[in-house]
Structure formats: C-alpha cells, structure tokens
Amino acid sequence: MLEKTMLERHYELWDWLCSHPSAEKRDFPKWKHNKGHWKEVRHLCFLCELYKNDCRACSLDCCYEKLSLFVTWANGNTDQRIKAAEQIRDIIGEVKR
C-alpha cells in the first residue's frame with residue numbers, strides 16, 4: 022500500500038473515531054471483518070503499518086506509554102476520547118487527496 026494511501030486511511034479511521042467516541046478501532050465499518058473492503062493492518066493502525074512498528078519513526082512516538090495520546094484515547098471518557106482522536110487524526114498534518 023502506498024504511503025499516501027496509508028496516511029489517508031489513518032485520517033479516515035481516526036476521523037470516524039472522533040464521531041464515534043464509544044467505538045473501538047476494530048469497530049470501523051471499512052475493515053474486512055466488518056464486511057468492509059479494507060484489509061486489517063498491524064494493530065489496526067496505518068502508522069504502525071507504515072513504520073513497521075518502529076515507534077521512533079512514528080509521529081505518535083511510542084503509543085503504548087502511559088501518557089501517550091493513544092492510551093488517553095483508549096482509557097478516556099467521552100470528551101477525552103474525542104479530543105485524543107482529533108489529535109491522533111491530525112498528527113499527520115493535512116494529507117492532499
């Protein structure tokens with residue numbers, strides 16, 4: 022998959038999660054396991070896939086550290102999940118479509 026495609030899909034996934042704060046990444050309707058057409062990627066994360074789990078190369082750094090945006094999203098209340106999802110979505114900057 023091309024880098025641009027992965028970044029666009031990252032944005033789309035996290036944009037959906039902003040609008041569905043009680044959902045998990047696995048709930049995204051475009052995954053094949055949800056009858057969508059997107060193949061599942063590492064950790065259901067396009068940045069993990071793009072950087073092949075090299076956290077040092079990723080804009081999110083190490084997302085499983087206790088103060089990371091991802092952990093804030095995973096463990097947060099509704100407002101925290103929305104805010105963290107927006108930050109995760111936007112961390113890649115604007116992707117030209």
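My numbering runs 21 ahead of the 1-based position in the sequence shown. The C-beta atom is built at its ideal place from N, Cα and C for all residues, glycine as well.
Item	Value
For the structure I just gave you, are there three or more beta carbon pairs, one from the stretch 73 to 84 and one from the stretch 25 to 44, closer than 8 Å?	no
Buried or exposed for residue 58, going by 16 or more other Cβ atoms inside 10 Å?	exposed
Going by other Cβ atoms of all chains shown within 10 Å of its Cβ, with 16 needed for buried, is residue 102 buried or exposed?	buried
Pull the bridge partners of residue 59 from the DSSP assignment, please.	52
Under 8 Å Cβ to Cβ from residue 81, same chain only, skipping five residues before and after it: list those, please.	68, 89, 90, 91, 109 and 112
Please name the residue in 45, 85, 56 and 27 whose C-alpha comes closest to that of residue 98.	45
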